[in-house]
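Read the structure below first, then the notes.
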Amino acid sequence: PEPHAPAPQPLPTEVAQAFPPPVHAMLALGHARLVDYQGAGYAMLYVARLKQVLAAERSADPAGANGFAVTREMARWLALWMAFDDIVRVAELKSRASRTLRVHTEVKAGTDDIVKVFDHFKPGAPEIAALLPHGLARRVTAWDRARQARGRAPWALPLKVGSHSVVGMAALRVLASLRWLRERGSRFAEEQALIERWLAAVVEGTRADWRLGHEIALCGRLIKGYGSTNERGKANLLHVIDNLNDADAIAAARTAALADDAGIALDTVLRGAGAPARPVVAQPIRWMKRNPDPR
11 PEPHAPAPQP
21 LPTEVAQAFP
31 PPVHAMLALG
41 HARLVDYQGA
51 GYAMLYVARL
61 KQVLAAERSA
71 DPAGANGFAV
81 TREMARWLAL
91 WMAFDDIVRV
101 AELKSRASRT
111 LRVHTEVKAG
121 TDDIVKVFDH
131 FKPGAPEIAA
141 LLPHGLARRV
151 TAWDRARQAR
161 GRAPWALPLK
171 VGSHSVVGMA
181 ALRVLASLRW
191 LRERGSRFAE
201 EQALIERWLA
211 AVVEGTRADW
221 RLGHEIALCG
231 RLIKGYGSTN
241 ERGKANLLHV
251 IDNLNDADAI
261 AAARTAALAD
271 DAGIALDTVL
281 RGAGAPARPV
291 VAQPIRWMKR
301 NPDPR
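Below, the structure written as structure tokens:
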């Protein structure tokens with residue numbers, strides 16, 4: 011079961027009719043998730059993207075001998091990527107009544123017990139910039155990079171929110187209500203562009219060779235987590251699809267990337283397949299002042 015997945019709702023008739031039955035279960039979960047995440051219009055973008063995959067798969071496997079596995083995998087991983095976590099999503103999940111009920115159940119609180127829940131947030135410049143238009147987002151990130159270049163730590167705003175209180179819950183609800191701002195933010199546009207690159211690779215790969223398309227679709231497993239983990243997964247996926255075009259090599263690279271967060275195993279597989287290793291990511295050096303000798 012997927013985390014934070016809403017209860018599956020029956021697919022709209024026109025959507026169900028456009029896909030073969032083996033796809034329906036995963037499609038229903040993905041569709042419901044995206045309606046919950048950003049609304050019906052965003053869910054229909056998901057459907058439109060899956061139709062491209064289905065058309066390519068029917069071209070490569072007209073009889074459906076493989077059970078439409080490429081489309082099924084994309085129905086799963088595409089929905090998860092499109093519903094990427096951000097501060098709006100985190101606030102929305104933490105302010106749900108179902109979450110409060112779950113916490114009370116987990117701690118076995120009685121009707122007369124007082125349960126206090128404190129949520130800790132530490133949004134940094136990337137999280138703030140994500141909700142801003144490109145121009146403002148660039149200024150915020152440039153300002154933070156300049157700070158780090160001077161040896162300072164990345165900017166972040168530590169917050170402790172008591173979601174059991176009226177003020178704390180109100181703060182979470184206000185933040186969750188900014189869903190409308192997400193589509194206007196820089197990160198939303200960036201995520202959609204990356205998704206389209208992966209989608210195009212799946213479609214083109216499937217048309218050329220069914221197994222190639224299937225392996226590229228399975229690379230959606232690399233997109234997970236939050237912050238640097240999520241960024242690393244996206245970078246790994248894009249490097250794999252940009253530099254490998256053999257199904258076995260892509261499968262080996264994906265397995266290596268999932269097994270080794272440091273990326274050493276992935277780089278070894280890439281070199282073995284005749285592809286370049288991932289580029290080295292520059293890291294700022296922080297110079298720490300030496301404390302004077304107390305003697």
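Counting in the working numbering, the sequence shown runs from 11 upward without gaps.
Where a beta carbon is used, it is the ideal one built from N, C-alpha and C, also for glycine.
Quick caveat: nothing in here was measured; it's all calculated off a predicted structure.
Contact between A85 and L60 is confirmed by a C-beta separation of about 6 Å, below the 8 Å threshold. Burial check for K244: the Cβ neighbour count within 10 Å reaches 16 or more, so the residue is buried. Between the alpha carbons of L167 and A267 lies a distance of about 32 Å. Cβ contact annotation for L228 (same chain, cutoff 7 Å, sequence separation greater than five): E83, R264, in chain order. The stretch 191 to 202 and the stretch 133 to 140 touch, with three or more beta-carbon pairs separated by less than 8 Å.
Among the bridge pairs identified by DSSP, G134 is matched with A166. With contacts defined as CB atoms closer than 8 Å, S108 and M179 fail to qualify as a contacting pair. As the crow flies, the alpha-carbon of A38 is around 7 Å from that of Q19.
If you draw a straight line from the Cα of H174 to the Cα of A42, it is about 28 Å long. Taking a cut-off of 8 Å for Cβ pairs, the stretch 205 to 221 and the stretch 186 to 196 do not touch, as fewer than three such pairs fall below it. DSSP, reduced to helix, strand and coil, places F128 within a strand of the structure shown. Per DSSP, the unbroken alpha helix (DSSP H) holding G178 starts and ends at 176 to 186. Contact between the stretch 52 to 69 and the stretch 85 to 98 is established, with three or more Cβ pairs separated by less than 8 Å. Here G145 is not bridged, per DSSP, to any residue.
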